[in-house]
Each structure stands twice: as C-alpha cells, then as structure tokens.
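Trainee: Protein sequences, first through last, are from chains A and B. Every position in the first sequence, counted from 1, becomes a number in our numbering once 670 is added. Every position in the second sequence, counted from 1, becomes a number in our numbering once 29 is added. Quick reminder that beta carbons are idealized off the backbone N, C-alpha and C, glycines included. These numbers were taken from a predicted model, which means no experiment stands behind them. Before anything else, here's the structure in question.
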Amino acid sequence: MICAAQVALDVPLTRLFSYAVDGGLLAVGERVFVPFGHRVLSGVVAGLEEVAEGSMTLKAVQSVPRDLPCLSPEWLALCRFVADYYHHPLGQVIATALPAVFRIPEVFTPAQPPLLYRCDDVEALLARLAARATAQRRVAQALAVPQTAASLRALAAPAMRWIASWLEQGWIEAVPETAMAKGKAATNAPVPNPEQARAVEAIASAEGFVPFLLFGVTGSGKTEVYLQTIATVLARGKQALVLVPEINLTPQAESAFRARFPQARIVSLHSRLNDSERAQGWLAAMRGEADIVLGTRLAVLAPLPRLGLVVVDEEHDASFKQQDGLRYSARDIAVYRASQEGIPVVLGSATPSLESWRNAESGRYRLLELPARAVPGAALPELRVLSMRRAPQRDGLHESAIAAIGRALDRGEQALVFINRRGYAPTLACGECGWSASCRHCSARLVLHLGARRLRCHHCGYELRIPPACPDCGNQDLKPLGRGTQRLEENLQALFPGRNILRIDRDSTRRKGAMDAALEAVHAGEADILVGTQMLAKGHDFPRLNCVLVLEADSGLFSVDYRAEERLFALLTQVAGRAGRREQPGEVLVQTQFPEHPFYAQLLQRDYRVFADRALSERRDLRLPPFAAWALFRAEAQQLDSALEFLRTVKQCFVPEPGLTIGDPVAATMLKKSGLERAQLLVSAENRQLLQRALAMAEPAMDRLKAGRIRWSLDVDPAEV
Amino acid sequence: MLATGPLRHTPAGLPILETVIVHQSEQQEAGRPRKVDCEAPILAMGETALALHRSPPGARMTVKGFLAARSLRRKQDLVLHIEEFELLN
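Encoded structure:
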C-alpha cells in the first residue's frame, strides 16, 4: 500500500486529484506543489487515502513549501460547505479564500514583520510640518492611533517616504504588530443609552449559536454596540470577525477599533492590501494572533481558530455578494460559520434585507432595536417629497430645493446633493435625427465624461473621443442628454457662485488617497455643497451636514429587478441618514416625477417596518425570495441563440419534482455585454433544501455538458436577475 | 442681428452661437409690393459663430445659409443655419 494525497486544485473541475506521497509525512490541510499537465500548480491536501501499490500510476507531489501552517479540518469543512452550497469546485473555493501568494507555486517568505507606526505627541509633530503640507499633516494626525503601512498609504500615496524620514528624526516610532501589547490606554467607551446597553447585554450573554438582527435607525449607534460587545469577546480571549460592506469604510472602522482596543491585535483584510500584507494579515488570523479581523466580504473565509463573535455591518448591502467566480454571500456564510462554531452573530442595519427581516419575524433571528439616534437631541431629519411635475425649476432643481440649500449654506452648514449617476450626462445625442451614443459591445449608452473629453461605457470600459458630428446625419450640434454628477456640479456652481462644490464619485476618487482627502476636506469645512453618488451614502458622519437633496431616485421604482425597490428604500434611508446627525434637525428632499407612487408614502412614514411588511407580503404572494429559493444559470455567447440552446440542455439535466419550477431560457435584461449576448435560466424551489437537492441531482449530468465556446455560470441566491 | 447672445460649446468643443435675426424689406407678391417685417432664429457654428459673436449688436448684414428643423419632434420649427455673412455699411 502507498499513501496518496487528494489535492484540491484551482481548476474548473469538481473532482480532487490524487498524487503519490513519497516518504515524508503529509497532513490534511497542507499546501503542496504538484505537477498538472505541463504546469506546476499549488494545491491543498483535502484528504489522504491508501491505494494498492501498482493499482494505478500516480504522479508524485513535487514539494511541500511549509510556508503556510496546516489548514484546520474545521476550515476545510467550511470550504466544503461553501463548495457544496454554491456548486463550485472545492479547489476553486479554497483558491478564492486563500491570499494570492498561497495560490501560486512559489514559496512565500514574508518581507518583514508588519510594523505599526504611531506618534505619542501629534501636536509636536504637526508643529514641525509646514502648514500647507496638508497631506503630510493628514498622515501625522492619523498617527495618534497606531497605523499600518497600508492604511497610511491609503491616506496619501507617498506616506511611507515621510514616515521613513520622521522615524529617522525620532519624531515617531515603529513597533512590530506583535509587540503592541502595551500601548496607550483605551479611549473611554461612552456610556451606552438604555437600548444600546440592552443590545450589548443580550449579545454578550448569548450562549451558543444565536443570530441577532440589530435594527437601528441611521445614527443610532450600532458601531458602539459592536465595540462594547467585542470588548466582552476579547475579555474572554476570543477573536471577533467584523465585516463591513465597502472598502472605503475599512480605514475609518480600523481607526475606531484601534482607538478603542489599543492592546488588541487588529488585522484588516480587503482587496486593496498588497499581496504580502494580505498574506501576513491572513496568517495572523489563522494562527490566532489577531484578536479582531476587520474586512470586506473576502474576510469571511479567513481561518479563525478562536472565533467568538461575527458582526456583519450594513448586512443588507449588495457588496456582500460576490458577482463573479465563486458567487458567495458573505453574510450568509457568516451566519453559517457562527452556527458551526456555536457563537453569536450580529447582523446590523437600518434597513435590513427582507431575508433577514423575515427571519427575525419568524423568530429564527433575535431582533434587537435601536429606535433613537444616539447623540442626545439628534432627531431624524424632516423628509419632503418634491413633485417635479409642472414645478418651478432651474437646471432640473426644484425651486424649493434650491432655497433649502441656500438656507443651509447661510446657516454655515453643508448640503449634499445626491445623484446616483457619474459622468457629465448619461449620453450624447443628436436632437435633429435622434441618434444617441451607444456602446458597440454592450446594450448600453455611452456616458459623456466632459472633463476627459471621452464617451465611456460603464459596463465594459469601451471608450472613444467625443465625435465631432452625428455619425448618422452629420449635425455637429450634439447635446448632452440628462445629467450626471459632473453636470450637476457645474449647475450648482452657477446657482451658488463663490461656494465650494466638492464632487465625490468613482471618477474623482480614482487616485489612491483621494477619497480620504475629499472626506477630510468635508470635515474641515472646506466644502459647502457635496455632490455625490452612492459612495457617499454609507457610513460617513459629517457633523455639519443638515440638508440632503436626492435627484433621479425614480429609476429604482420601475426596474424589472424585484429587489430594486428594497435597494432604493435602503439607499434613500442611508442618504437621508447623512443629515442632522448632531443637534440641529436635518432636512431631506427627494425630487420625483411620481409623487403619488405608494413607495414615497411609505418612505415618508419613516418606518422601515411598514415598507418591509408590505414588500414581504408582495413577495409571499408572488412566490419571490425569501419565499422561494432561486438559482440562476447565466450563459454568454457570440449569438443569443447558442446561449439559449445551451441553457435548454442545462434545463434537461433537471428532474421535475413538485415544488420545483424550472423556467425557460430567456434573454438577459441587458442583452449584450462586452461583445457577448447573454441568456439566463431560472430554477426556483419552495425552499433551499429542495433547491440544493435538485442542483445536486442535476450536477452529474451538468458535468458532462459540452459548453464549447459558451461561458456559463451558476448563481445560487442571485442578488440580481 | 438682434443681440450677439452668449457662445456655447458642444461637448467636442465646437463654438455655437444662437440668436435672432430681424428682417425688414419690401417684396413683390402677386404683382403688388408689400412690406415684410419678421424675426428668425439663427444658429452659427465654428468660425462663423466666433465672427458673428464679435459683431456689434444691431449690426446689419446679409446672411447665407440653409434652413433646418429645430428638433426631431418640432420639424415645423425652423432655424436658419448661417454659413456666411457680410456686414453692411
């Protein structure tokens, strides 16, 4: 008998691959390099078996790098669950979970132990810096709490050069992350209000697996509940995993956590770290050295041997669902992990997803409520819906909205104008013949970017110079159609001359550190009016912002996606939540062409329950998730017909069963994307168990399908259809 | 020309001037003379727009060009596109 290792490899095949193990001991969970065809691949040993000598010829494991401690059976079991649930090969699940350096057949040597930088006397450091060196001052100010190189680089790209010179001068110090035990005392935790105290108490005293839904209005202090609960977890010697939706929120959250827990080792995991930083953070989590792991969705797959609590902030956020490759929902995996570990999990939101809301209603989740704003005296802002029909307006802005912004500015406050569309205008059009600029690869309009003098496709990245004349009729007087952030910025500047208008969208914050610089300008009061997309909707706390105007919200009301209204409600609630987080009452104005739509009546009631209950009863009647479990097959091909044909063969892999509905292949809402035509096939089941059984039964037949040049994928619990 | 009006630019950077021209003349109609007094919207692009923009408001001129529809939906609403013009006196 010889020993063979079953290795999970990053290849699109569901099976494991057997390799002979020569002599040396090999454990399950070990990273190995193995020959695969003409290449060498990195894989993970998922199992060991005895095979009779000579029964088959096995290639041998080439080498064992031992740069990664053995992955635990619990972690492998988590990967297996994810592989089974999302019907994705185990090797690819593991590859998605592992940092990049552990996916390639090269031995990883950590550059140097990660250092934290801090300054005991920030005032003295600031005094040494030029008053106009704003970027340097920003970095210096951040050093009041220990910072990693990654978060300093996020503040300002050349930060590490300044750090090196300040270190040389002895103005600041660098401490290995592992030696951070003795730091400054923690900033004092504020006294929680009674609701916060009850929530902390409930979570801290939970035994075993208890899922909590922390439903708190914007500004109600959910973060404080997380911080105080985590304090109790750390006191018991356990690790806490905190998931945040957006990468832009991680430095903010990291600073808050470091200030509160100076003695704890905090590791952040997100895709903006370089490979080595991410690998080191991951190793710290895996070895149990990290006390708090803070990250975006990918952090949910980090191995955590002493895990004691999982927190998912803004649990309704769509970014927790990965949209390509392994299409997992980090929130759902977080709940699963908590159930496996027998620990509490906290899902927090002001507008919980309807899935979680239903679970809370049915008693599966425990509902914790924070009904009031945490800052004493801070009230929820006043909300008004402005009908744009036959209304007096200038540049598409309602006169009373212009007046409200003017009043806020006169009071010395800031105003936010929200429009969820970047660029100058959604397209460029010829008014005389009706032509408009469309992408040659997608069923989409090209967006006009006036500053860059370009038309860009926001779906595939195709771009071209602004055409001098209409390609159809030759008219040179082409006009921007509609309005995006850049045009709004221009309009506002004309309406409010002399005021500083700051635009924050993906184009204005493309450069590293630009987002933080912009946020800083907002806090420093350098901006009077903010123009922003959904990037500004979440998490930010601007004390002087009291007036919010929302434009072009209506598009969410007439979408073919049944989740669009839920997302719009969440988005508007988040945006409105930016106003009046301090003592002054805020004002929120929403412009609409459809003021009589029931959606706005519910928004005006300011009660998420009313909306959630109505939306849930509609979903129940229509058998939509969460009252059904969905899996969506997507296929892309040069021709729609071949994509549809392929999906018909997929459909035939399923065995009809009561409670299972297998739809017909249909063209996708956006037919063409990046030059390929797209089709989809929906499989709907009464519940998840039935769906999983049907998918598992169809899998062997699907494995035999010949896709040829058709690209296809399976999305379990799709977020968008 | 009534007024010079502000110049605007297309997204591709081409200057465009839109204003109104006044026309006064005597014409023959069905064998009898009559007066004509009308105003027409005009549009000029590029160099012509810049040159028109430099002309003083109220300048008298002869213009040459063509008629085009204001937009797809307003085909009866015509705009005089000016290609050439000559200042008088």
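Which term fits H1068(A), buried or exposed, when burial requires 16 or more other beta carbons within 10 angstroms of its beta carbon?
Mentor: H1068(A) should be labelled buried.
Trainee: Using a Cβ-Cβ cut-off of less than 9 Å, list which residues of the stretch 1135-1167 of chain A approach chain B; keep chain order.
Mentor: Listed in sequence order: R1135, I1136, P1137, P1138, A1139, N1145, Q1146, D1147, L1148, K1149 and P1150.
Trainee: For V880(A), tell me which candidate among R930(A), S1009(A) and G1076(A) has the shortest Cα-Cα distance.
Mentor: Considering only alpha carbons, the answer is S1009(A).
Trainee: Output, in chain order, the set of chain A residues within a Cβ distance shorter than 7 Å of I50(B).
Mentor: What I50(B) touches in chain A: nothing, since even the nearest Cβ is about 18 Å away.
Trainee: By DSSP's criteria, P1051(A) is part of a beta bridge. Which residues make up the other side?
Mentor: Partner(s): none; P1051(A) has no beta bridge.
Trainee: Taking contact to mean at least 3 C-beta pairs separated by less than 8 Å, is the stretch 884-897 of chain A in contact with the stretch 1177-1197 of chain A?
Mentor: Counting Cβ pairs under 8 Å, fewer than three are found: no touch.
Trainee: Identify whether I842(A) lies in helix, strand or coil by the three-state DSSP scheme.
Mentor: Coil, per DSSP.
Trainee: Within this structure, are the beta carbons of P862(A) and G891(A) separated by less than 9 Å?
Mentor: Yes; because the gap between Cβ atoms is below 9 Å, this pair is in contact.
Trainee: Which first and last residues belong to the beta strand (DSSP E) in which P881(A) is found?
Mentor: Counting along the chain, the beta strand (DSSP E) containing P881(A) begins and ends at P881 to G886.
Trainee: How far does the alpha helix (DSSP H) with R1077(A) in it extend, from its first residue to its last?
Mentor: Residues E1069 to D1080.
Trainee: Starting from I45(B), find everything on chain A with Cβ-Cβ shorter than 7 Å and list it in chain order.
Mentor: Neighbours of I45(B) on chain A, chain order: D1147.
Trainee: Grouping DSSP H, G and I as helix and E and B as strand, with all else coil, what is F1166(A)?
Mentor: In this structure, F1166(A) counts as coil in the three-state DSSP scheme.
Trainee: Extract the residue ranges of the beta strand (DSSP E) inside the stretch 1335-1370 of chain A, only unbroken runs of 3 or more that lie entirely within it.
Mentor: Whole beta strand (DSSP E) segments, 3+ residues: 1336-1343 and 1346-1355.
Trainee: By how many angstroms is the C-alpha of L1317(A) removed from the C-alpha of D1311(A)?
Mentor: Each residue's Cα considered, the two are about 10 Å apart.
Trainee: Using the beta-carbon of each residue, which ones in chain A are nearer than 9 Å to L101(B)?
Mentor: Going along chain A in sequence order, the residues near L101(B) (Cβ under 9 Å) are C1100, G1101, E1102, C1103 and G1104.
Trainee: Count the other CB atoms within 10 Å of the CB of P35(B); is the residue buried (16 or more) or exposed (fewer)?
Mentor: It is exposed - the Cβ of P35(B) has fewer than 16 other Cβ atoms within 10 Å.
Trainee: With DSSP run on the structure shown, which of helix, strand or coil describes C749(A)?
Mentor: Reduced to three states, the DSSP call for C749(A) is helix.
Trainee: Are the Cβ atoms of A934(A) and I962(A) separated by less than 9 Å?
Mentor: Yes, they are a contact pair.
Trainee: Among the candidates S941(A), W1027(A) and L977(A), whose CA atom is the shortest distance from the CA of Q992(A)?
Mentor: Residue S941(A) is the option with its Cα nearest to Q992(A).
Trainee: Could you tell me which residues DSSP pairs with R1374(A) in its beta bridges?
Mentor: R1374(A) is not bridged to any residue.
Trainee: For E776(A), is the classification buried or exposed, using 16 other Cβ atoms within 10 angstroms of its Cβ as the cut-off for buried?
Mentor: By the 10 Å Cβ count, E776(A) comes out exposed.
Trainee: So who's on the other strand from K1208(A), going by DSSP bridges?
Mentor: BP columns for K1208(A) are empty, so no partner.
Trainee: Between the Cα of E1315(A) and the Cα atoms of E1196(A), F882(A), K1376(A) and P1265(A), which residue gives the shortest distance?
Mentor: Out of E1196(A), F882(A), K1376(A) and P1265(A), K1376(A) has the C-alpha closest to the C-alpha of E1315(A).
Trainee: Mapping DSSP to helix, strand and coil, what is E723(A)?
Mentor: DSSP places E723(A) in coil when its eight states are reduced to three.
Trainee: In chain B, which residues lie with their C-beta within 9 Å of the C-beta of L1120(A)?
Mentor: P40, listed in chain order.
Trainee: Would you please state the rounded distance, in angstroms, between the beta carbons of V1260(A) and L1241(A)? I believe it to be under 8 Å.
Mentor: Going by Cβ atoms, the distance from V1260(A) to L1241(A) rounds to 11 Å, so no, they are not a contact pair.
Trainee: Check each residue of the stretch 82-98 of chain B: if its Cβ is closer than 8 Å to any Cβ of chain A, include it; give the result in chain order.
Mentor: Residues passing the 8 Å Cβ filter: A97 and A98.
Trainee: When the Cα of E115(B) is compared with those of L107(B), L81(B) and Q105(B), which residue comes out closest?
Mentor: Taking only the C-alpha atoms, the option nearest E115(B) is L81(B).
Trainee: Taking the DSSP output, what are the residues bridged to E1127(A)?
Mentor: In the sequence as displayed, the identity of residue 1127(A) is Cys instead of Glu. Answer is none; C1127(A) lacks a bridge partner.
Trainee: From A827(A) to R1123(A), what does the alpha carbon distance come to, in whole angstroms?
Mentor: So the alpha carbons of these two residues sit roughly 27 Å apart.
Trainee: Exposed or buried, which one is M1372(A) when buried takes at least 16 other CB atoms within 10 Å?
Mentor: Classification of M1372(A): buried, given that the 10 Å Cβ count is 16 or more.
Trainee: Which residue wins for smallest C-alpha separation from W836(A), given the options T1097(A), A1095(A), R1091(A) and R788(A)?
Mentor: Minimum Cα distance to W836(A) is reached at R788(A).
Trainee: Between which residues of its own chain and T39(B) is the CB-CB distance below 7 Å, once the five residues before and five after are set aside?
Mentor: So the list reads I45, once near-sequence residues are dropped.
Trainee: Between L117(B) and R89(B), how many whole angstroms is the CB-CB distance? I'm expecting something under 8 Å.
Mentor: Sure, about 4 Å apart at Cβ, within 8 Å.
Trainee: Just to confirm, is the Cβ distance from L1219(A) to D1065(A) under 9 Å?
Mentor: No, the Cβ-Cβ distance between L1219(A) and D1065(A) is not below 9 Å.
Trainee: May I ask you to report which of helix, strand or coil DSSP gives Q909(A)?
Mentor: Of the three classes helix, strand and coil, the one that applies to Q909(A) here is strand, per DSSP.
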